[in-house]
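Below is one structure, written out as structure tokens; the observations come after it.
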Amino acid sequence: MTREFVAARPVGVTGSTPAVGTSAAETLRAARRRRGRHRRLVIGALAAALVAMFVTTLMVGNTFYPPGDVLRVAFGEKVPGASFTVGTLRLPRAITGVLAGVAFGLAGVTFQTMLRNALASPDVIGITSGASAAAVFAITILGAGGAGVSILAVVSGLGAALAIYLLAYRNGLSGARLILIGIGVGAMLDSVVSYLLLKSSSFEVQAALRWLTGSLGSAFWDGIPPLALSLLVLLPLIIVLTRRLTALQLGDESAMALGVRVDRTRLLLVVVAVALAGVATATTGPIAFVAFLSGPIAARLVGGGRSLLIPAGLVGGLLVLTADLLGQFAFGTSFPVGVVTGAIGAPYLLYLLIRSNRSGGSL
Amino acid sequence: MITAPVVVGTPTRPSRARSASRRRRRVLGLLACLVGLVVVVVLSVSIGSREVSLTEVVSAFTDQSATGLAEEAVRARVPRTVLGLLVGAALGLAGAIMQGVTRNPLADPGILGVNTGASLFVVSGIAFFGMTTVTQYIWLALAGAAASAVFVYTVGSIGRGGATPLKLALAGAATTAALSSLISAIVLPRVDALQVFRFWQIGGIGGANWESMATVVPFLAVGAILSLLSARSLDALALGDELATGLGGNIKVARAVAALGGVLLCGAATAIAGPIGFIGLVVPHVARILTGSDYRWILPYSVGFGAVLLLLADVVGRVVTRPSDVEVGIITAIIGAPVFIAVVRRQKIKEL
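Going down the list, the protein sequences come from chains U and G.
Position 123 of the first sequence, counted from 1, bears residue number 123 in the working numbering, the numbering being contiguous throughout.
Position 239 of the second sequence, counted from 1, bears residue number 239 in the working numbering, the numbering being contiguous throughout.
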């Protein structure tokens with residue numbers, strides 16, 4: 001289509017530079033329009049898939065409920081049997097899954113874009129481990145619950161991020177060093193989590209696994225308000241920052257030339273992204289690799305150039321819902337969602353490693 | 001100075017005075033190591049939920065007729081102490097070997113996913129084949145350690161630049177994550193056996209007994225001999241593959257022998273104590289500070305320091321939350337991760 005468009009221009013008539021310039025500009029504009037259309041299409045499809053998966057998780061289970069029953073429960077009608085199973089068990093689980101997945105996806109893609117490195121997602125570099133350690137500490141030692149746990153998780157996630165940043169900063173910030181130091185910090189925090197879990201007898205296996213790999217097994221209505229409220233605040237914030245994020249993708253100098261205050265934007269973005277990851281971790285535990293996977297999958301679907309924020313968030317939600325459904329029913333015994341996402345994410349990380357090694361690209 | 005094992009094998013011949021002072025330092029370091037060993041052994045047999053005085057420790061070993069509670073407590077702590085020494089020495093030596101073979105300052109059985117591989121195989125053996133004793137699962141642990149070591153090294157060394165620290169560490173982290181997922185998947189449906197499996201997620205030496213130690217000692221011995229014999233070839237490898245070949249060694253064989261020794265050591269250690277990380281990372285770096293880059297010194301030092309560090313970590317674990325124990329695998333991670341970070345910070349960016 002673009003080619004026709006170019007050919008239709010009377011190129012040879014004047015032969016002057018302005019004419020060629022206009023043509024090039026319009027070609028560019030057309031390509032951008034087309035990419036925009038493609039992006040909207042992908043976002044629409046992802047949103048539709050998310051809704052479909054959401055409804056499916058409500059329907060499928062030990063007892064199957066037809067979509068009609070599910071909808072009636074969702075609109076507050078009393079349906080014998082379904083009201084409890086769907087309304088009390090499946091609905092909060094699905095909502096928590098979507099919200100946490102979206103939060104992880106947004107946080108992951110923000111870090112990946114900002115640091116221009118697919119490996120620099122908060123779950124690979126130990127930030128969710130920080131949030132997880134604080135959450136477990138708050139519950140086992142302080143006996144806290146609800147919003148207190150979330151706040152502590154966010155604060156501790158920020159602390160971990162700050163520590164990693166400070167430790168990695170030496171004559172500038174190197175992606176490789178940041179990632180390695182993140183892995184080290186994460187290993188330390190994970191052993192703190194293991195210790196706390198090992199020592200507290202009050203923890204059941206299900207709850208313990210929630211803090212090790214992430215699980216929706218203990219997701220009920222009372223966990224949703226803090227998560228939903230935080231997303232309500234953080235989502236618009238991160239969208240407002242998206243344009244600056246896109247400018248950052250071009251590199252610090254270009255971003256500065258475009259009038260973005262690089263340092264402040266970066267700081268704001270880090271805070272918002274860590275808060276998202278922290279709140280989600282406080283609710284579901286550090287669901288393995290969702291933050292790491294969402295961005296690259298979204299990039300594959302959308303193609304580069306545009307902001308991946310919204311698609312990555314949708315991919316995150318879709319990932320968590322799908323993995324949870326698989327974990328519950330696909331293998332005979334039920335597994336927490338983090339085991340499934342971990343089993344998907346780790347091979348992908350290896351693949352990424354092999355591919356970028358082959359092509360000689362730097363990580 | 002640790003300049004990492006990407007080493008710097010002193011190309012110029014050091015002056016006589018410098019080499020004399022280095023020898024003095026090496027000998028003094030070895031002495032310090034021996035003193036440290038004695039101290040941690042005494043600490044290990046005297047510290048626990050029951051306090052024991054030094055005289056009681058002495059009488060427990062010298063006077064067979066002494067059967068007071070204190071003496072019995074000391075004797076009961078002996079197997080744990082011996083196991084700590086064995087496992088620590090094995091992991092320290094294995095770490096030095098891995099750093100030498102991969103020419104990589106971040107190599108460690110824990111970071112490279114070797115321990116997790118051994119764990120996964122053992123957990124599978126317990127879950128699917130009803131294995132119960134160390135004699136049965138030592139082979140599984142060794143197979144798991146070898147398989148994951150080869151896998152991680154292969155993934156980490158594909159492409160330009162070979163096995164850089166970043167690539168190896170990431171390949172190890174990814175493999176660990178994948179294998180941990182599988183371990184969880186095996187352990188989860190067997191809730192009643194979780195206490196048995198817990199041991200395979202965090203390493204510890206609390207359950208030491210003589211029979212299982214006797215099973216692993218031959219493997220540790222063979223591994224140690226292969227490793228110590230590799231000192232010279234590791235020195236050659238440190239100069240780079242081209243130079244090592246030029247010096248007349250068959251580097252493929254040398255690498256394989258050393259790697260086999262390392263895998264035997266950490267596989268056997270994991271079979272008996274579960275996955276314990278970071279000892280293998282920390283110890284060779286400390287050894288390098290004292291001895292320089294000569295593997296003929298680094299390896300024996302790593303044996304000694306590994307034993308000291310692991311036992312010390314175990315004693316700390318017994319003290320911090322008295323009367324209950326903290327598993328030694330947790331303490332080593334908390335001690336080791338900062339060292340890992342310090343090593344990363346020292347590296348030049350392009351070496352990562």
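Glycine residues also receive a C-beta, built at the ideal position from the N, C-alpha and C atoms.
This one's a predicted model, so the numbers in the text were calculated from it and none came from an experiment.
At a cut-off of 9 Å between beta-carbon atoms, Ala49(U) makes no contact with chain G. The residues Thr116, in chain order, have a CB closer than 7 Å to that of Ser180(G) in the same chain once the five nearest residues on each side in sequence are set aside.
Counting of Cβ neighbours within 10 angstroms places Arg296(G) among the exposed residues, the total staying below 16. In the same chain as Val339(U), and ignoring 5 residues on each side of it, the C-beta atoms closer than 7 Å to its own belong to Thr213, Gly327, in chain order. Residues are counted here when their Cβ sits less than 8 Å from a Cβ of chain U; for the segment 135–156 of chain G these are Val155, Gly156, given in chain order.
Judged by their CB atoms, Val283(G) and Leu91(G) are nearer to each other than the 9 Å cut-off. At a cut-off of 9 Å between beta carbons, Ala169(G) contacts chain U. CA-to-CA, the gap between Thr245(G) and Ile111(G) works out to about 29 Å.
Apart from sequence neighbours up to five positions away, the residues of its chain that approach Ser200(U) with a beta-carbon distance below 6 Å are Thr140, ordered along the chain. Distance between Leu93(G) and Ala333(G), taken at the CA atoms: about 18 Å.
Close to chain U, meaning a Cβ-Cβ distance shorter than 7 Å, are the following residues of the segment 334–349 of chain G: Ile334, Ala337, Phe340, Ile341, Val344, Arg345, Ile349.
Taking CB atoms only, Gly48(G) has no neighbour in chain U less than 9 Å away. Against chain U, the CB of Glu72(G) has no partner CB under 9 Å away; the residue lies outside that interface. Shown here, Leu115(U) sits in coil according to DSSP, grouped into three states, outside any helix or strand. Secondary structure at Tyr169(U): strand, using DSSP grouped into helix, strand and coil.
Looking at the backbone, the Cα of Ala178(G) and that of Ser21(G) are separated by about 48 Å. Of all residues in the segment 110–126 of chain G, none has a C-beta nearer than 7 Å to a C-beta of chain U.
Classified as buried, Ala208(G) has 16 or more neighbouring CB atoms from the shown chains inside 10 Å of its CB. Below the 9 Å Cβ cutoff, chain U contributes no neighbours of Ile289(G), its closest Cβ being approximately 19 Å away. Excluding sequence positions up to five before and after Val316(G), its CB lies within less than 6 Å of the CB of Ile331, all in the same chain and listed in chain order. Around the CB of Ile341(G), 16 or more other CB atoms lie within 10 Å, so the residue is classed as buried. The C-beta of Ala174(G) comes closer than 9 Å to at least one C-beta of chain U. Scanning its chain for C-beta atoms nearer than 8 Å, with the 5 sequence neighbours on each side dropped, one finds around Gly345(U) the residues Ala288, Phe289, Val290, Phe292, Leu293, in chain order. At least one CB of chain U lies nearer than 9 Å to the CB of Val326(G). Assigned with DSSP and collapsed to three states, Ile111(G) falls in coil, not helix or strand. Counting only Cβ-Cβ distances below 9 Å, Ile202(G) has contacts in chain U at Ser191, Ser194, Tyr195, Leu198, in chain order. Under the 9 Å criterion on CB atoms, Pro284(G) is classed as non-interfacial with respect to chain U. The Cβ-Cβ distance between Leu115(U) and Leu178(U) falls below 9 Å.
Annotation: Cβ neighbours of Phe335(U) in chain G (cutoff 8 Å, chain order): Ser184, Ala185, Leu188. Under a 10 Å Cβ-count criterion, Asp69(U) is classified as buried, with 16 or more other Cβ atoms of the shown protein chains found around its own Cβ. Chain-order list of chain G residues neighbouring Leu166(U): empty, with the shortest C-beta distance near 11 Å, by a criterion of under 8 Å.
Asn250(G) counts as exposed, since fewer than 16 other beta carbons sit within 10 angstroms of its beta carbon. For Ile224(U), the three-state secondary structure derived from DSSP is helix.
Chain G places no beta carbon closer than 9 Å to that of Leu46(U), leaving this residue out of the contacts. For Ala178(G), the neighbours in chain U by C-beta distance under 9 Å run, in chain order, Gly342, Ala343, Gly345, Ala346, Pro347, Leu349, Leu350.
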